[in-house]
Amino acid sequence: MALAISMEGIEARAREIGVDLSAVDLDSITLPAGEDFGILSDDDEILRNEDPPELEMGLSNIIVVDNLPVVPPEKFEKLENVIRKIYSQIGVIKENGLWMPVNPDTKKTYGYCFIEYNTPQEAELAREKTNGYKLDKSHIFAVNMLDDFEKYMKVPDTWTPAEIKPYTPGENLLKWLTDEKARDQFVIRAGTLTEVYWNDARKLAPELVFQKQYWTDSFIQWSPLGTYLATVHRQGSQVWGGENGFERLMRFAHPMVKLIDFSPGERYLVTYSSHEPSNPRDTHRVVLNIFDVRTGKVMRDFKGNADEFTTGGNVGVSGVSWPIFRWGGGKDDKYFARLGKNVISVYETDMFSLLDKKSLKVENVVDFSWSPTDPIISLFVPEMGGGNQPARVSLVQIPGKEELRQKNLFSVSDCKMYWQNNGEYLAVQVDRYTKTKKSTYTGFELFRIKERDIPIEVLELENKNDKIIAFAWEPKGHRFAIIHGDGPRPDVSFYTMRTANNTSRVSKLTTLKAKQANALYWSPAGRFIVLAGLKGFNGQLEFYNVDELETMATGEHFMATDIMWDPTGRYLATAVTSVHEMENGFQIWSFNGKHLYKVSKDHFYQFIWRPRPPSLLTPEKEEEISKNLKKYSKKYELEDQDAFNQLSEQERKRRTQLQEEWDSWVAKWKQMHEEERAYRRELRDGEASDEEEEYEAKEVEVEEVVDVTEEVLAFDLDQE
Numbered sequence: 000m001a002l003a004i005s006m007e008g009i010e011a012r013a014r015e016i017g018v019d020l021s022a023v024d025l026d027s028i029t030l031p032a033g034e035d036f037g038i039l040s041d042d043d044e045i046l047r048n049e050d051p052p053e054l055e056m057g058l059s060n061i062i063v064v065d066n067l068p069v070v071p072p073e074k075f076e077k078l079e080n081v082i083r084k085i086y087s088q089i090g091v092i093k094e095n096g097l098w099m100p101v102n103p104d105t106k107k108t109y110g111y112c113f114i115e116y117n118t119p120q121e122a123e124l125a126r127e128k129t130n131g132y133k134l135d136k137s138h139i140f141a142v143n144m145l146d147d148f149e150k151y152m153k154v155p156d157t158w159t160p161a162e163i164k165p166y167t168p169g170e171n172l173l174k175w176l177t178d179e180k181a182r183d184q185f186v187i188r189a190g191t192l193t194e195v196y197w198n199d200a201r202k203l204a205p206e207l208v209f210q211k212q213y214w215t216d217s218f219i220q221w222s223p224l225g226t227y228l229a230t231v232h233r234q235g236s237q238v239w240g241g242e243n244g245f246e247r248l249m250r251f252a253h254p255m256v257k258l259i260d261f262s263p264g265e266r267y268l269v270t271y272s273s274h275e276p277s278n279p280r281d282t283h284r285v286v287l288n289i290f291d292v293r294t295g296k297v298m299r300d301f302k303g304n305a306d307e308f309t310t311g312g313n314v315g316v317s318g319v320s321w322p323i324f325r326w327g328g329g330k331d332d333k334y335f336a337r338l339g340k341n342v343i344s345v346y347e348t349d350m351f352s353l354l355d356k357k358s359l360k361v362e363n364v365v366d367f368s369w370s371p372t373d374p375i376i377s378l379f380v381p382e383m384g385g386g387n388q389p390a391r392v393s394l395v396q397i398p399g400k401e402e403l404r405q406k407n408l409f410s411v412s413d414c415k416m417y418w419q420n421n422g423e424y425l426a427v428q429v430d431r432y433t434k435t436k437k438s439t440y441t442g443f444e445l446f447r448i449k450e451r452d453i454p455i456e457v458l459e460l461e462n463k464n465d466k467i468i469a470f471a472w473e474p475k476g477h478r479f480a481i482i483h484g485d486g487p488r489p490d491v492s493f494y495t496m497r498t499a500n501n502t503s504r505v506s507k508l509t510t511l512k513a514k515q516a517n518a519l520y521w522s523p524a525g526r527f528i529v530l531a532g533l534k535g536f537n538g539q540l541e542f543y544n545v546d547e548l549e550t551m552a553t554g555e556h557f558m559a560t561d562i563m564w565d566p567t568g569r570y571l572a573t574a575v576t577s578v579h580e581m582e583n584g585f586q587i588w589s590f591n592g593k594h595l596y597k598v599s600k601d602h603f604y605q606f607i608w609r610p611r612p613p614s615l616l617t618p619e620k621e622e623e624i625s626k627n628l629k630k631y632s633k634k635y636e637l638e639d640q641d642a643f644n645q646l647s648e649q650e651r652k653r654r655t656q657l658q659e660e661w662d663s664w665v666a667k668w669k670q671m672h673e674e675e676r677a678y679r680r681e682l683r684d685g686e687a688s689d690e691e692e693e694y695e696a697k698e699v700e701v702e703e704v705v706d707v708t709e710e711v712l713a714f715d716l717d718q719e
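For the sequence shown, position 47 (counting from the first letter as 1) is numbered 46 according to our numbering, and the numbering increases by one without interruption.
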């Protein structure tokens, strides 16, 4: 299929490679023959470089089971039945797919067998499940893939040192942060096109950076610090980046990958796939790989049935919770963990093995989450024993697995945990049953993580029966907001964890009554928040200043499905994605609610701001800049004025062009009118009725009855 690319995309690419299009003679360019003009697509290159599929090799679905009993012919059938019983539980063994070689001299088995499954995935699972299986004291299975033997046979007998490749300096993957206009980037996906833009609010329009058709097979995703853009394909995932554009940096082979997840520090990438079982009674088979992002090396893989990965989390593809692995606090990427039955398995990335070689045992644990900044796990255990053993929330320090704090909770229906992004506070939303057990009410347990002994406060709303619709912490701050109420227009309340005299006590700032809001979006810089009414409220927006406790502006993006702040907190994007058939596209707003520009896109799927890494400035330096903001702002005010003047000049040119187009159109029709004069006169038998003086004016007066008034005379009957 031919690639469709806009002129804007061509100009953007020309700027990247330093080509002046005005100096290029397009007529002198001769294109190579063929539909693809001699240029291989990414998929062609991948297929050309790929190894032959395992299924064609005929070995990847066969395992070798060693350390079997050596038996005479009369015990062949019994041993075969035992082996078949063990291995048929894992997958479907092909017809005549179990073979035990026999020694022709002794007529006994050799002590090993070959088992052929329908798929390589079943064979791999059988190897994992039964390697080390203890048949009896003398026979412990050693299971290998048959194609491994061929691979190891190719290893040369003599060692040769590895070839040392010359060092080539890499590209500056953070150059986009040095933009002179301090703009942010975003990526969108609409139809078959994926495009990266600068958000140029001064020009009230986005500026195209990069454009590619069929860049991904399903979705795109930025890494947490914005260094990489990940795409997903049938063969696996890829990451892109570069100094002047987007070049492929690394491939991660994982057939039929469906989901991906980066570690917070971008060192690792987790990929996930789910495969249909051969036996309809079995569950999906899950494959997880953890890659080193820079080298592409698989650091650890996890395989098994979907049942093993369904505990806790948000249920996603094929009933599997995602993300399956949750990364430890901070950007060190030192720990990751997953929830199991009665355990939390914590792994360390030094060896990619279980911490202390064993999981953290917690009876009946149903959920956990990491502090965003520290190696601390908060976990929730519901009530047990019919209420005799209360529910509890615990804080556990890693790697020592020491319990830092615990809070028992009674009559609990449900529990949600919300960490503040600096890890200073933890809010636990607790839904409790009333005494009659017929209804529930909600309260909050507020943990002050950084204070001595981690004190806990209890917060209940004035009307504790109010339904909690949304909760959100202020980033980098000490405040939080709650949407609550049962009516069609709920209330929004703001609280602070610090009072005026800096005492550690939660207090309410204000309550906004009857708002069209069901979602909260704090600015990443704090202070400002958007109260959004999505779904039933049809995209209502209220921009609120929490410092001044006042509404700055209101707006509406009809049918909006997504709301996203840029990483600096200067701009807000609202989008209508393809879940709706109409109004697809996005709009950009300033932090104080001024509508800047709108872009319509058919079949609009994704809008994602490019994240920024944390600032390198110290808090003291940031405070100094804030105090001297007027000194720094003069430079940018001049730049803003220049941009405004440029826009004014562009607007003047646009209006002049429109006027010239109008005058040209009028002149064209006047000329046609003049050319047809003789023809019109002929049609009118020589009468030149076009001339204005060739008419006779008459004044005609018309009388019209506007209203009729009837007068009724009353007579005194007695006087008649």
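The beta-carbon is built from N, C-alpha and C at its ideal position, and this holds for glycine as well.
In this structure, does DSSP put residue i in helix, strand or coil?
| i | result |
| --- | --- |
| Phe-113 | strand |
| Gln-640 | helix |
| Gly-584 | strand |
| Asp-50 | For Asp-50, the predicted model reports a pLDDT of 45, less than 50, meaning its position is unreliable and no value from the coordinates is stated. |
| Ser-219 | Ser is not the amino acid found at residue 219; the sequence shown has Ile there. Strand. |
| Gln-515 | coil |
| Asp-561 | strand |
| Thr-495 | strand |
| Val-81 | helix |
| Gln-210 | strand |
| Tyr-227 | coil |
| Gly-568 | coil |
| Thr-655 | helix |
| Phe-324 | coil |
| Glu-702 | coil |
| His-477 | coil |
| Trp-197 | strand |
| Val-721 | Missing from the structure shown is residue 721; the chain here goes from 0 to 719 and no further. |
| Met-298 | strand |
| Ser-40 | Its pLDDT being 49, under 50, Ser-40 is placed unreliably in this model, and the value from its coordinates should be taken loosely. Three-state DSSP puts Ser-40 in coil, outside helix and strand. |
| Lys-626 | helix |
| Leu-521 | For the record, residue 521 in the displayed sequence is Trp; it is not Leu. Strand. |
| His-594 | strand |
CB residue i to CB residue j, shorter than 8 Å?
| i | j | result |
| --- | --- | --- |
| Tyr-604 | Ala-189 | yes |
| Asn-517 | Ile-482 | yes |
| Asn-304 | Val-297 | no |
| Val-726 | Gly-110 | The question about residue 726 has no answer here: the residues shown for the chain are numbered 0 through 719. |
| Ile-343 | Leu-359 | yes |
| Ser-377 | Gly-328 | no |
| Trp-608 | Phe-185 | yes |
| Pro-381 | Val-365 | yes |
| Leu-97 | Ile-82 | yes |
For residue i, write down the residues that DSSP places opposite it in a beta bridge.
| i | result |
| --- | --- |
| Phe-542 | Val-529, Ala-552 |
| Gln-779 | The question about residue 779 has no answer, for the chain in this structure spans 0 to 719. |
| His-483 | Ile-467, Asp-490 |
| Arg-683 | Bridge partners of Arg-683: none, in fact. |
| Gly-339 | Val-342 |
| Phe-446 | Leu-425, Ile-455 |
| Lys-360 | Val-342 |
| Gln-88 | Answer is none; Gln-88 lacks a bridge partner. |
What distance in whole Å lies between the Cβ atoms of residue j and residue i, which are believed to be in contact at a cut-off of 8 Å?
| i | j | result |
| --- | --- | --- |
| Leu-519 | Ala-471 | 4 Å |
| Ile-61 | Phe-113 | 6 Å |
| Arg-126 | Val-142 | 5 Å |
| Pro-610 | Pro-223 | 6 Å |
| Gly-592 | Gly-554 | 6 Å |
| Gly-264 | Asp-332 | 4 Å |
| Gln-212 | Thr-191 | 5 Å |
| Ala-252 | Gln-234 | 6 Å |
| Val-427 | Glu-444 | 4 Å |
For chain C, check one thing: does any of its Cβ atoms lie closer than 8 Å to the Cβ of residue i?
| i | result |
| --- | --- |
| Pro-103 | No chain C appears in this structure, which consists of one protein chain only. |
*asked:* I'd like the ranges of any beta strand (DSSP E) spanning at least 3 consecutive residues and lying wholly in the region 231-283.
replied: 235-240, 246-252, 258-261, 267-274
*What beta strand (DSSP E) runs, 3 residues minimum, are completely inside the region 112-142?*
Secondary structure in the region 112-142: the beta strand (DSSP E) runs of 3 residues or longer, each lying completely within the stretch, are 133-135 in chain order.
*asked:* Report the start-end ranges of each beta strand (DSSP E) in the region 403-443 that is 3 residues or longer and not cut off at the edges.
replied: 411-418, 424-432
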